[in-house]
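Participant: Below is a structure I'd like to ask you about.
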Amino acid sequence: MLLARLNMLRDEEHQGGIVLLHNGQPLPGRQTLQDAGIRDNDEVYYFWGEGGEAAATVEAEAPCKPKQETSKRQQKKQVLRDARQERKGEKKLQKQVEALEAALAALDGCLKEHLGDVGHDRADRATRDALLEAFGATGCRYQELPLVHGPCPAEGLRLLGSCLLRPQRYNAKFLPQEYSLLHKVWSLVGGDTKRCGVLDIGAGNANCAVLAAALLGLTVICVERESPRKELRAEEQLPTALKGKVIRIEADIADFDTAALASLACRHDLDRFVLLAKHPCGIGVDRSIEMAVQLRRSSRLPASEPQPPTLLGVVIATCCTNKLSLDDFRESRVEEFCAMYADPTGTRSKTLALVRAVEVMSRCSAWRSASASLGNAITSQQVSWAELFEDHLQSLRLKRLSTAFGASVEVRFAPRECTLQDRCLLAAESSVPEAIYASSDPAFLQQLTRGVRELSEAAGGPLDCRPKGLKSAKYDFDYTDD
Numbered sequence: 000m001l002l003a004r005l006n007m008l009r010d011e012e013h014q015g016g017i018v019l020l021h022n023g024q025p026l027p028g029r030q031t032l033q034d035a036g037i038r039d040n041d042e043v044y045y046f047w048g049e050g051g052e053a054a055a056t057v058e059a060e061a062p063c064k065p066k067q068e069t070s071k072r073q074q075k076k077q078v079l080r081d082a083r084q085e086r087k088g089e090k091k092l093q094k095q096v097e098a099l100e101a102a103l104a105a106l107d108g109c110l111k112e113h114l115g116d117v118g119h120d121r122a123d124r125a126t127r128d129a130l131l132e133a134f135g136a137t138g139c140r141y142q143e144l145p146l147v148h149g150p151c152p153a154e155g156l157r158l159l160g161s162c163l164l165r166p167q168r169y170n171a172k173f174l175p176q177e178y179s180l181l182h183k184v185w186s187l188v189g190g191d192t193k194r195c196g197v198l199d200i201g202a203g204n205a206n207c208a209v210l211a212a213a214l215l216g217l218t219v220i221c222v223e224r225e226s227p228r229k230e231l232r233a234e235e236q237l238p239t240a241l242k243g244k245v246i247r248i249e250a251d252i253a254d255f256d257t258a259a260l261a262s263l264a265c266r267h268d269l270d271r272f273v274l275l276a277k278h279p280c281g282i283g284v285d286r287s288i289e290m291a292v293q294l295r296r297s298s299r300l301p302a303s304e305p306q307p308p309t310l311l312g313v314v315i316a317t318c319c320t321n322k323l324s325l326d327d328f329r330e331s332r333v334e335e336f337c338a339m340y341a342d343p344t345g346t347r348s349k350t351l352a353l354v355r356a357v358e359v360m361s362r363c364s365a366w367r368s369a370s371a372s373l374g375n376a377i378t379s380q381q382v383s384w385a386e387l388f389e390d391h392l393q394s395l396r397l398k399r400l401s402t403a404f405g406a407s408v409e410v411r412f413a414p415r416e417c418t419l420q421d422r423c424l425l426a427a428e429s430s431v432p433e434a435i436y437a438s439s440d441p442a443f444l445q446q447l448t449r450g451v452r453e454l455s456e457a458a459g460g461p462l463d464c465r466p467k468g469l470k471s472a473k474y475d476f477d478y479t480d481d
């Protein structure tokens, strides 16, 4: 029996220091296992040397119970369950196949009407070719976009994470995004933050704004349609000396004009700006671009009082193209989108057929995000089409930015595991700075190091940006008692 062998083993090795544990307690040196009440089906741990590391787990031998055979009735039930589950999966897959066919058929009809192909020989034109003619060349497809996550991300994320107190999972998702965007802003201002500001559209809880202000020395004007509760605003955690570096304005970007920005810039002695927008949903992207275009135009007008600041460039991480067709207010913004990019002299003139085409493209762009959901049946063809639809809609945005600034590009700004919404539009005068693509930027990291040290000294430690009063199973936190 195993108990006898263990007793013998302990007797032989006792001088060498073998120790047996049962129920977490060491057994006296000369006590037999039977005297200690150990039976054949108990579990015993043994290791050599006092305080040593466990070497193994020994389970006492016990007669193996014969495995109960499944009855024929149970087997039949299992077969039926498996078949039912398989049919359910096939139905879900077929539903997605039919959805793709219906969407492409609807899109074909809209594009042919828009391009004047109805009843003509070119009516059999491929959908991809029709998209190309209606929206123009896409430049770079999504899968070919450069990955631009910021320089030396391991070191940068360590620095950035040391100055904020937030849940671990929350940091894992948002910190890489914030780090990447901060470096892009830094590159657009050329590392010179004197009299320079950031117009942060849709700033939310202002975590990114606080990092830009406290670590880079920028003054940030946060424009948010509806601000979170005061205890959730990151700027409230700043030391008194830095609180004036973050200015919060409650307004829709459509209602925040160049005159308002010029007034704020004059008040805070700012003459240069970068427009930053992190994941404005749907039409929010296009209203942000409209704001940038208006700022560029106003800077070219004759001097006025107050003089509008110079807009150096934009950094827009786009989000939720599907919300063009149905936003949070359950309204379609496709007409507004098409009007912004209409070209009365060319093939992109706004027509009802084009509006319907964009409705289809917007709605179907959600396939890509849905492909990551649990139990989804989205096909690879749907994902491919969703990416292509968004490529074409993004191309309109890029062309408008290029017209206003001189240069624009699209990149993937954050790791896929952080966000599926990883497209980012960049624009600058003449050309986008090469520093944005750099794998190393010592000056940026030195500024972060200095900023983190100074913030820690002023605040007495990391800023407490935990979402107080909230809880989340997804991000594994519960601050409802705070």
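Numbering that gives the first Met the number 0 numbers the first residue of the sequence shown as 0 and each following residue consecutively.
We put the beta carbon where it would ideally sit given N, CA and C, even for glycine.
(1) Check the C-beta distance from F272 over to V197 and give it rounded, since I have them as a contact under 8 angstroms.
(2) Taking the straight line between their C-alpha atoms, what separation do you get for A385 and A458?
(3) Considering R247, what are the terminal residues of the beta strand (DSSP E) in which it resides?
(4) Under a three-way DSSP split, which group does H113 fall into?
(5) Run the CB neighbour count on S331, radius 10 Å, all protein chains shown included, and call it buried at 16 or more, exposed below.
(6) Measure the CB-CB distance between G404 and E433 and report whether it falls below 7 angstroms.
(7) Measure how close the beta-carbons of L130 and H391 come, nearest whole angstrom, since I'm counting them as under 8 angstroms.
(8) Can you give me the C-alpha to C-alpha distance between R449 and D270, rounded to a whole angstrom?
(9) Would T219 pass as a contact of A211 if the rule is Cβ separation under 7 angstroms?
(10) Taking A466 as the reference, give the member of L164, R224, Y141 with the closest Cα.
(11) Exposed or buried, which one is A55 when buried takes at least 16 other CB atoms within 10 Å?
(12) Looking at the secondary structure, which residues open and close the beta strand (DSSP E) in which S407 lies?
(13) To which residues of the same chain is R362 closer than 7 angstroms at the C-beta, ignoring the five residues directly before and after it?
(14) Per the DSSP calculation, L274 is bridged to which residue(s)?
(15) Identify whether T378 lies in helix, strand or coil by the three-state DSSP scheme.
(16) Keeping to the same chain, check which residues put their C-beta closer than 6 angstroms to that of E358; ignore five residues upstream and five downstream.
(17) Whether or not the segment 229-246 and the segment 183-193 are in contact is what I'm after, with contact meaning three or more pairs of Cβ atoms, one per stretch, closer than 8 angstroms; do they touch?
(18) Run the CB neighbour count on Q67, radius 10 Å, all protein chains shown included, and call it buried at 16 or more, exposed below.
(19) Can you tell me which of E89, Q77, K76 puts its alpha carbon nearest to the alpha carbon of N375?
(20) Less than 7 angstroms between the beta carbons of E335 and I282, yes or no?
(21) Nearest to E249 by alpha carbon, out of V431, Q380, I200, D268?
(22) For D477, I'd like the list of residues in its chain whose CB is within less than 7 angstroms of its CB, leaving aside the five on either flank, ordered along the chain.
(23) Is the segment 162-181 touching the segment 142-152 in the sense that three or more CB pairs, one from each, lie closer than 8 angstroms?
(24) Between which residues of its own chain and A264 is the CB-CB distance below 8 angstroms, once the five residues before and five after are set aside?
(25) Less than 7 angstroms between C-beta atoms, sequence neighbours within five positions excluded: which residues of the same chain meet that for N204?
(26) Applying the 10 Å Cβ sphere with the 16-neighbour rule, what's the burial state of T137?
(27) Would you give the residue range spanned by the beta strand (DSSP E) that V222 belongs to?
(28) Considering Cα atoms alone, identify which of R399, A171, L260 is closest to V222.
(29) What is the DSSP secondary structure of G51, reduced to helix, strand or coil?
(30) Per DSSP, C318 is paired with what?
(31) Using only alpha-carbon positions, find the residue among H278, S287, D327 that is nearest to D254.
(32) Only counting the same chain, and skipping five residues up and downstream in sequence, which positions put a Cβ closer than 8 angstroms to that of G468?
(33) Nearest to R399 by alpha carbon, out of V382, L353, M360, A341?
(34) Just to confirm the assignment: which complete alpha helix (DSSP H) runs, minimum length 4, are found wholly within the segment 147-204?
(35) Going by C-alpha distance, which of V354, R80, D327 is nearest M339?
(36) Please report the distance separating the alpha-carbon of D268 from that of P166.
Facilitator: For this structure:
(1) Residue 272 sits at position 273 when you count from the first residue of the sequence shown. Residue 197 sits at position 198 when you count from the first residue of the sequence shown. With 8 angstroms as the limit, F272 and V197 qualify as a contact, their Cβ atoms being about 7 angstroms apart.
(2) Counting from 1 along the sequence shown, the entry for residue 385 is found at position 386. Counting from 1 along the sequence shown, the entry for residue 458 is found at position 459. Distance from the CA atom of A385 to the CA atom of A458, rounded to whole angstroms, is 46 angstroms.
(3) Mapped onto the sequence shown, residue 247 falls at position 248. Start and end: 245-249.
(4) As a first step, residue 113 must be located in the sequence shown, where it is residue number 114. It is helical.
(5) For this step, residue 331 is matched to residue 332 along the sequence shown. It counts as buried.
(6) As a working note, residue 404 is residue 405 in the sequence shown. As a working note, residue 433 is residue 434 in the sequence shown. A quick correction: the sequence has Phe, not Gly, at residue 404. Result no, Cβ atoms of F404 and E433 do not sit closer than 7 angstroms.
(7) As a first step, residue 130 must be located in the sequence shown, where it is residue number 131. As a first step, residue 391 must be located in the sequence shown, where it is residue number 392. L130 to H391, Cβ: 5 angstroms. Contact.
(8) Taking the sequence shown and counting its residues from 1, the one referred to as residue 449 is at position 450. Taking the sequence shown and counting its residues from 1, the one referred to as residue 270 is at position 271. Their backbone Cα atoms lie some 24 angstroms apart in a straight line.
(9) Within the sequence shown, residue 219 is the residue found at index 220, counting from 1. Within the sequence shown, residue 211 is the residue found at index 212, counting from 1. Note on identity: in this sequence residue 219 is Val, with Thr being the wrong assignment. With contacts defined as CB atoms closer than 7 angstroms, V219 and A211 qualify as a contacting pair.
(10) Here residue 466 is taken as the residue at index 467 of the sequence shown, counted from 1. Contrary to the premise, residue 466 reads as Pro rather than Ala in this sequence. That would be L164, whose Cα lies nearest to the Cα of P466.
(11) Looking up residue 55 in the sequence shown gives position 56. Unreliable placement is indicated for A55, whose pLDDT of 41 sits below 50; the coordinate value is still reported in the next sentence. Label assigned to A55: exposed.
(12) Stepping through the sequence shown from its first residue, residue 407 is reached at position 408. Start and end: 405-411.
(13) Position 363 of the sequence shown holds residue 362. Excluding sequence neighbours, R362 sits near N321, S324.
(14) On the sequence shown, residue 274 is found 275 positions in, with the first residue counted as 1. L274 is bridged to L198, V313.
(15) Position 379 of the sequence shown holds residue 378. Three-state DSSP puts T378 in coil, outside helix and strand.
(16) For the purposes of this step, residue 358 is taken as the residue at position 359 of the sequence shown. Only S324, V333 meet the Cβ criterion.
(17) no
(18) As a working mapping, residue 67 is identified with position 68 in the sequence shown. Q67 should be labelled exposed.
(19) Locating residue 375 in the sequence shown gives position 376, where the first residue counts as 1. The candidate whose alpha carbon is nearest that of N375 is E89.
(20) Position 336 of the sequence shown holds residue 335. Position 283 of the sequence shown holds residue 282. Contact flag set, yes.
(21) Against the sequence shown, residue 249 aligns to sequence position 250. Comparing Cα-Cα distances from E249 to each of V431, Q380, I200, D268, the minimum goes to I200.
(22) For the purposes of this step, residue 477 is identified with residue 478 of the sequence shown, where counting begins at 1. Within the same chain, D477 has close Cβ partners K470.
(23) yes
(24) Numbered from its first residue, the sequence shown carries residue 264 at position 265. Listed in chain order, the non-local C-beta contacts of A264 below 8 angstroms within the same chain comprise G196, D270, F272, P305, P307, P308, local neighbours out to five positions each way being set aside.
(25) Locating residue 204 in the sequence shown gives position 205, where the first residue counts as 1. Closer than 7 angstroms at Cβ, skipping near neighbours: P227, L231, R232, A233.
(26) Position 138 of the sequence shown, counted from the start, is the residue given in the question as residue 137. Here T137 is buried, its C-beta having at least 16 other C-beta atoms within 10 Å.
(27) Your numbering for residue 222 matches position 223 in the sequence shown. Element bounds for V222: 218-223.
(28) Taking the first residue of the sequence shown as position 1, residue 222 is located at position 223. Ranking the options by Cα distance to V222, first place goes to L260.
(29) Taking the first residue of the sequence shown as 1, we reach residue 51 at position 52. At G51, the pLDDT of 41 sits below 50, so the modelled position is not reliable; the number obtained from the coordinates is stated separately. Looking at G51 - three-state DSSP - the assignment turns out to be coil, as it is neither helix nor strand.
(30) Taking the sequence shown and counting its residues from 1, the one referred to as residue 318 is at position 319. C280.
(31) Residue numbering aside, residue 254 sits at position 255 when the sequence shown is read from its first letter. Among H278, S287, D327, the Cα nearest to that of D254 is on S287.
(32) Position 469 of the sequence shown holds residue 468. Excluding sequence neighbours, G468 sits near R228, E230, L231, Y478, T479, D481.
(33) Position 400 of the sequence shown, counting from 1, holds the residue named residue 399. With distances taken between Cα atoms, R399 lies closest to A341.
(34) Scanning the segment 147-204 for uninterrupted alpha helix (DSSP H) segments of 4 residues or longer gives 152-160, 167-187, listed from N- to C-terminal end.
(35) Numbered from 1 along the sequence shown, position 340 holds the residue referred to as residue 339. Nearest of V354, R80, D327 to M339, Cα basis: V354.
(36) Residue numbering aside, residue 268 sits at position 269 when the sequence shown is read from its first letter. Residue numbering aside, residue 166 sits at position 167 when the sequence shown is read from its first letter. Each residue's CA atom was taken as its position, placing D268 and P166 some 36 angstroms apart.
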